[in-house]
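Q: Below is a structure I'd like to ask you about.
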Amino acid sequence: MGAMAKFKNKHHRDIWSYLQEKVKTELPSVGDMGVITTKSEGRPEYVEIPEYPELFDASPKGMKRYNRDQWFAEIRASPTIEEKYWEIAKQKYYGHYTFQLKPDFEPYGALEYMQGITRTHLIIEERLPEVYDGLDAEAANLVERISDRFQDALIFQLTNHKENKSHNAVETSRAKAQVVLQSLVEVLIAELCSEFPHLQSASVDILPRVGATWVAGGLGPHRSLRRLREKVWKKSEEEINEPYEGNASAQVRTELPLPEVVPRDDPLVLEGPVPQPLFHPRALKLKGELLHPINTPGIWPSDPCPFGLVAFLPQDFLVREHICSFGDHYDDQEALHQRGIIAGFAWTFSQAIFQGFDPYNDITYPLVSHVVLSDGRNFSFYVYQLNTIKFHDEYAMKNPQRNLCWATTQQPLFDAVEGGQLHGFNKTVLFNLLKLLIRSPKERVGVNLQPYLGAEKVAANLSDDRYRNCIEEQYKHLSSNRPRHFDRPEIYPWEKIYKVDHNTRPVEPKIRWLRKLPSQHFVCYVTYDVM
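Each residue of the sequence shown is one higher than the one before, counting from 251 in the numbering used here.
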């Protein structure tokens with residue numbers, strides 16, 4: 251009887267050769283594994299203090315960590331922002347399994363969870379940080395000068411805004427806040443741009459799309475998945491992707507970054523308490539879904555003003571939770587702090603992505619942004635300093651850096667509007683708002699703002715036209731997260747009548763796509779040499 255000879259067929263020999271080459275290229279080299287050679291090039295053979303190479307962990311977990319670090323290095327070496335994005339997004343064809351934070355929903359009692367997944371130390375005060383005290387005199391003069399016009403614009407928007415009767419309470423609150431905030435930003439920029447150069451060159455966006463996707467390590471999986479992993483793979487921990495996507499009412503961007511509030515070696519950054527989330531995102535009614543990464547601060551990568559100054563966001567989620575879920579038991583102030591942390595982190599994180607950093611290659615300098623939450627009457631101010639974006643896997647506990655968020659309690663801008671007059675106008679709110687706008691960005695002397703980007707920086711500067719168009723198309727398509735769409739083949743009208751609706755031609759050869767059976771496909775036959 252004949253027997254099949256192993257790898258005797260040419261096709262199988264080619265596969266075996268390919269696997270051998272793949273093993274040779276993917277396994278670590280001798281130097282990586284820490285094998286001692288006779289003599290290293292460029293180094294003396296004998297030294298007073300012996301130097302030993304780092305031992306290579308050849309266990310399955312060590313090999314996985316080695317391959318992971320090699321992939322991180324490939325991302326860091328990508329020369330453009332779009333190529334870094336593509337290197338991460340292409341790992342999952344249908345998208346990464348993520349738990350998305352919606353802009354119109356703020357879970358109840360999740361302040362510690364939001365701090366944990368963003369590694370943020372929250373500082374609640376009645377005033378802005380001390381570094382803003384140097385702007386008090388200038389801001390006080392501006393309050394007296396522009397207060398009247400500011401109130402006129404506010405009265406006009408509040409008294410002439412027509413509510414859409416088809417909108418519910420949440421949509422009405424959002425529309426009212428957006429109109430008021432956009433009008434106030436327009437008035438303030440027009441009044442201040444002649445005195446402050448950074449506002450002359452600033453860009454103002456109306457309803458920009460802001461999104462960020464980061465990896466939060468140290469979170470436990472759901473109990474059903476935990477049981478499966480413990481049974482099959484003998485492991486139960488995982489990292490979870492947390493995206494945030496929303497629309498700000500308006501945002502102001504500048505060419506240079508804001509100066510840091512505290513240095514990175516400050517005790518607040520190194521020792522500030524950050525709670526560790528100990529429950530699954532599903533406990534907060536967050537649903538898992540497959541999504542491609544979303545990292546955009548409301549602009550494209552080639553925009554000349556990539557750094558954020560102030561973002562204005564509505565707080566309509568408070569109305570939704572009062573009506574739909576928790577009623578008077580909902581803690582408004584805690585929910586505002588939750589949204590301030592997430593909004594500040596997401597906006598600043600996406601700015602860091604546009605400087606060439608990513609969740610696996612940490613930022614080398616702090617970034618600062620301002621966030622204002624308002625419904626048109628009540629205002630909350632947040633100053634967010636991003637010190638790290640690398641807290642995946644073991645870095646969730648090993649990374650000593652903390653992000654910082656300074657928050658103020660909610661303050662009313664006025665008491666009521668009656669008879670075309672504004673009663674109980676609170677100048678302290680305008681005072682804080684002006685301090686955020688007039689804080690001037692500064693150039694970071696001796697700091698490379700884009701250390702991980704090449705000479706091209708963005709895909710638009712790539713020389714290969716075909717490659718450039720491909721990268722830009724993939725970047726825009728994946729970041730949009732539109733659902734998959736395939737065009738169906740055409741059906742002629744007579745086929746629709748006589749073949750689909752009425753099966754009047756049963757003996758006709760089934761050569762058209764709509765008549766083929768699932769088993770009708772071309773099979774690749776492989777021949778074997780038989781001895």
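Where a beta carbon is used, it is the ideal one built from N, C-alpha and C, also for glycine.
1. Under 8 Å between the Cβ atoms of N649 and T638?
2. If I'm right that Q501 touches G558 with Cβ under 8 Å, what's the distance once you round it to whole angstroms?
3. Closest Cβ-Cβ distance between S729 and chain C: below 8 Å?
4. Should R424 be labelled buried (16 or more other beta-carbon atoms within 10 Å of its own) or exposed?
5. Apart from the five residues just before and just after E510, which ones in its own chain have a Cβ nearer than 7 Å to its Cβ?
6. Could you check what DSSP says for F349 in three-state terms: helix, strand or coil?
7. For C655, report the span of its alpha helix (DSSP H) as first-last.
8. Using only CA atoms, which one of K746, N317, I331 lies nearest to A794?
9. With DSSP as the reference, label Q501 as helix, strand or coil.
10. When you compare each of R514, P527, R315 to Y610 by their alpha carbons, which one comes out closest?
11. For the beta strand (DSSP E) that I592 lies in, which residues bound it at each end?
12. So, helix, strand or coil for G284, using DSSP?
13. Inspect the beta-carbon positions of L408 and V667 and report whether they are closer than 8 Å.
14. Using DSSP with H/G/I as helix, E/B as strand and the rest coil, what is K426?
15. Tell whether a beta-carbon distance below 8 Å holds between S624 and G590.
16. If you check the beta carbons only, do P329 and L703 fall under 8 Å apart?
17. Closer than 8 Å is the cut-off here; do at least three beta carbon pairs connect the region 687–703 with the region 658–673?
18. Please state whether DSSP places Q661 in a helix, a strand or coil.
19. For A705, name the three-state secondary structure that DSSP assigns.
20. When DSSP labels each residue in this structure, what does L541 get in the three-state scheme?
21. Taking 7 Å as the limit between beta carbons, can you name the residues of its chain near L586, skipping five residues before and five after?
22. Report the CB separation of V460 from T546 in whole angstroms; it is logged as a contact under 8 Å.
23. State buried or exposed for Y632, treating a residue as buried only when at least 16 other CB atoms are found within 10 Å of its CB.
24. Could you check if E436 belongs to the surroundings of the ligand MG, using beta carbon to heavy atom distance under 7 Å?
25. Under the three-state reduction of DSSP, which class applies to Y632: helix, strand or coil?
26. Here's a check: name, in chain order, each residue in its chain whose Cβ is nearer than 6 Å to the Cβ of I373, leaving out the five neighbours to either side.
27. So L687 packs on L442, CB below 8 Å; how close in whole Å?
28. If L508 and P379 are in contact, beta carbons under 8 Å, what's the gap, nearest whole angstrom?
29. Going by DSSP in three states, T409 sits in which element: helix, strand or coil?
30. Could you give the residue range of the beta strand (DSSP E) that holds T678?
31. So what's P531 in DSSP terms, helix, strand or just coil?
32. Cβ of E332 within 8 Å of Cβ of E722?
A: Here's the rundown:
1. Cβ atoms of N649 and T638: closer than 8 Å.
2. 6 Å
3. Looking for chain C here will not work: only one protein chain is present.
4. buried
5. Cβ neighbours of E510 beyond the five flanking positions: P616, V618, Q635.
6. strand
7. In the DSSP assignment, C655 falls outside any alpha helix (DSSP H) and within the unbroken beta strand (DSSP E) covering 653–658.
8. Any property of residue 794 remains undetermined from this structure, which presents the chain solely from 251 to 781.
9. Strand.
10. For Y610, the nearest C-alpha among the options comes from R315.
11. Counting along the chain, I592 falls outside any beta strand (DSSP E), though it belongs to the alpha helix (DSSP H) covering 582–603.
12. For G284, the predicted structure reports a pLDDT of 48, less than 50, and the residue's modelled location is therefore unreliable. The matter cannot be settled from this model.
13. yes
14. Shown here, K426 sits in a helix according to DSSP, grouped into three states.
15. no
16. yes
17. no
18. strand
19. coil
20. strand
21. Q565, L623, S630, Q660
22. 7 Å
23. buried
24. No copy of the ligand MG appears in this structure; indeed no ligand is present at all.
25. strand
26. W656
27. Confirmed, about 6 Å.
28. Going by Cβ atoms, the distance from L508 to P379 rounds to 12 Å, so no, they are not a contact pair.
29. Looking at T409 - three-state DSSP - the assignment turns out to be helix.
30. Segment 677–688 is the alpha helix (DSSP H) holding T678; no beta strand (DSSP E) there.
31. Helix at P531.
32. yes
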